[in-house]
Amino acid sequence: TQLLEQSPQFLSIQEGENLTVYCNSSSVFSSLQWYRQEPGEGPVLLVTVVTGGEVKKLKRLTFQFGDARKDSSLHITAAQPGDTGLYLCAGENSGYALNFGKGTSLLVTP
Amino acid sequence: DTAVSQTPKYLVTQMGNDKSIKCEQNLGHDTMYWYKQDSKKFLKIMFSYNNKELIINETVPNRFSPKSPDKAHLNLHINSLELGDSAVYFCASSPTTRGNYGYTFGSGTRLTVV
Chain A
56 TQLLEQSPQF LSIQEGENLT VYCNSSSVFS SLQWYRQEPG EGPVLLVTVV
106 TGGEVKKLKR LTFQFGDARK DSSLHITAAQ PGDTGLYLCA GENSGYALNF
156 GKGTSLLVTP
Chain B
3 DTAVSQTPKY LVTQMGNDKS IKCEQNLGHD TMYWYKQDSK KFLKIMFSYN
53 NKELIINETV PNRFSPKSPD KAHLNLHINS LELGDSAVYF CASSPTTRGN
103 YGYTFGSGTR LTVV
């Protein structure tokens, strides 16, 4: 099993603040994905990054894949209460199921 | 309209009972999965099927038996339920065995064994 460590585990911030969530591994991945999970629902795919050093933006969310394809970060600018949820990173290697990190639980208060 | 649907949403049962969870996807995907999410929100792969063929069978007690009658359906049957089986079980699908296109998850089945 290829371990993915996420940090921080919990994050509670005020609306309007910026934050960064990290996903680290000692393994190289073909791609890395970020999901958001809300209570009572399944994870929903936010983004897939494939190339080392790749940066993708999704409105106020910026995702980066490390040069060595072992780590990734998610940066949220001006967080809003609607960003509240569990953020999961998942590493993919050909032919096997996604391997998930333990998640970062984010709470954004007005 | 729902892409991946699981039933039931909630399942409360006594120890020793046998229960099944059903999953259906209408996305035309070839590959389906069962994941278990524990109380600490960790998602762990249990099984994967590609076009009705079992391709991943993680270290799961043999009380758990998946069945895929066709590529749009993947069911999970659990015999002799134990307290430790309490968790949320998620079904997911992807276009191919390569997960690089991402997974589509169902909304989960919360199993509580009492």
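So the protein sequences, as listed, match chains A and B. Here the first sequence stands for residues 56 to 165, where the numbers follow this note's numbering. Here the second sequence stands for residues 3 to 116, where the numbers follow this note's numbering. Glycine included, every Cβ here is placed at the ideal spot set by N, Cα and C. Since the structure is predicted, the reported quantities are computational estimates derived from the model, not experimental observations.
Beta bridge counterpart(s) of residue i as assigned by DSSP
{"i": "A133 (chain A)", "result": "Paired residue(s): none; A133 (chain A) is not in a bridge."}
{"i": "K38 (chain B)", "result": "B:K46, B:Y91"}
{"i": "K24 (chain B)", "result": "B:T9"}
{"i": "K111 (chain A)", "result": "A:F118"}
{"i": "S96 (chain B)", "result": "B:T33"}
{"i": "V14 (chain B)", "result": "B:T114"}
{"i": "N52 (chain B)", "result": "B:T33, B:E55"}
{"i": "S128 (chain A)", "result": "A:Y77, A:Q119"}
{"i": "N154 (chain A)", "result": "A:G146"}
Host beta strand (DSSP E) of residue i (start-end)
{"i": "T61 (chain B)", "result": "From DSSP, T61 (chain B) is part of no beta strand (DSSP E); its letter is neither H nor E."}
{"i": "F65 (chain A)", "result": "65–69"}
{"i": "Q88 (chain A)", "result": "86–92"}
{"i": "D72 (chain B)", "result": "66–72"}
{"i": "T164 (chain A)", "result": "159–164"}
{"i": "A145 (chain A)", "result": "140–147"}
{"i": "S62 (chain A)", "result": "60–62"}
{"i": "N77 (chain B)", "result": "75–80"}
{"i": "T103 (chain A)", "result": "99–104"}
beta-carbon residue i near the ligand NAD non-hydrogen atom, thresh 8 Å
{"i": "P71 (chain B)", "result": "Ligands in the displayed structure: none, and consequently the ligand NAD is not present."}
Beta-carbon separation (whole angstroms), residue i vs residue j, contact threshold 8 Å
{"i": "Q88 (chain A)", "j": "L153 (chain A)", "result": "7 Å"}
{"i": "T33 (chain B)", "j": "S50 (chain B)", "result": "6 Å"}
{"i": "S82 (chain B)", "j": "D40 (chain B)", "result": "Actually they do not touch by this definition, with Cβ atoms about 20 Å apart."}
{"i": "L60 (chain A)", "j": "G137 (chain A)", "result": "A small fix is needed here, since residue 60 (chain A) is Glu in this sequence, not Leu. Between G137 (chain A) and E60 (chain A) the Cβ distance is about 27 Å, and since that is not below 8 Å, they are no contact."}
{"i": "V115 (chain B)", "j": "T15 (chain B)", "result": "6 Å"}
Chain B residues whose Cβ lies nearer than 8 Å to that of residue i
{"i": "P63 (chain A)", "result": "Residues of chain B passing the Cβ test: none, with the nearest at roughly 14 Å."}
{"i": "Q69 (chain A)", "result": "Residues of chain B passing the Cβ test: none, with the nearest at roughly 23 Å."}
{"i": "A123 (chain A)", "result": "None at all; the shortest Cβ gap to chain B is about 18 Å."}
{"i": "S86 (chain A)", "result": "G101, N102"}
Within chain B, the residues that residue i reaches when beta carbons sit closer than 7 Å
{"i": "P98 (chain A)", "result": "F107"}
{"i": "T103 (chain A)", "result": "N102, G104"}
Partner residues on chain B for residue i, Cβ-Cβ distance less than 9 Å
{"i": "F118 (chain A)", "result": "Simply none; closest approach about 13 Å."}
Contact list for residue i against chain A, beta-carbon separation under 8 Å
{"i": "F66 (chain B)", "result": "Chain A residues near F66 (chain B): none, gap ~15 Å exceeds 8 Å."}
{"i": "G110 (chain B)", "result": "G95, E96, G97"}
{"i": "I23 (chain B)", "result": "Correct list: empty, because the minimum Cβ distance to chain A is about 13 Å."}
7 Å Cβ cut-off: residues of chain A touching residue i
{"i": "L73 (chain B)", "result": "For the record, residue 73 (chain B) in the displayed sequence is Lys; it is not Leu. Going along chain A, no residue has its Cβ under 7 Å from K73 (chain B), so there is no contact; the nearest lies around 17 Å."}
Proximal chain A residues relative to residue i, where beta-carbon distance stays under 9 Å
{"i": "K43 (chain B)", "result": "Q92, L141, L143, K157, G158, S160"}
{"i": "S58 (chain B)", "result": "According to the sequence as given, residue 58 (chain B) is Ile; it is not Ser. By Cβ distance, chain A contributes Y151, A152."}
Do the region 90–104 of chain B and the region 61–71 of chain B meet, that is, are 3 or more Cβ pairs less than 8 Å apart? Judged by pairs of C-beta atoms under 8 Å, the region 90–104 of chain B does not touch the region 61–71 of chain B, as fewer than three such pairs exist.
Is it the case that the region 64–71 of chain A contacts the region 76–85 of chain B, given that we only count it when at least three CB pairs across the two stretches are under 8 Å? The answer is no - the region 64–71 of chain A does not touch the region 76–85 of chain B, with fewer than three Cβ pairs under 8 Å.
Is the region 75–82 of chain A close to the region 94–102 of chain A, with three or more CB pairs under 8 Å? Fewer than three Cβ pairs drawn from the region 75–82 of chain A and the region 94–102 of chain A lie within less than 8 Å of each other, which leaves the two stretches out of contact.
Inspect the CB distances between the region 129–138 of chain A and the region 110–119 of chain A and report whether three or more fall short of 8 Å. Enough Cβ pairs lie closer than 8 Å, so yes.
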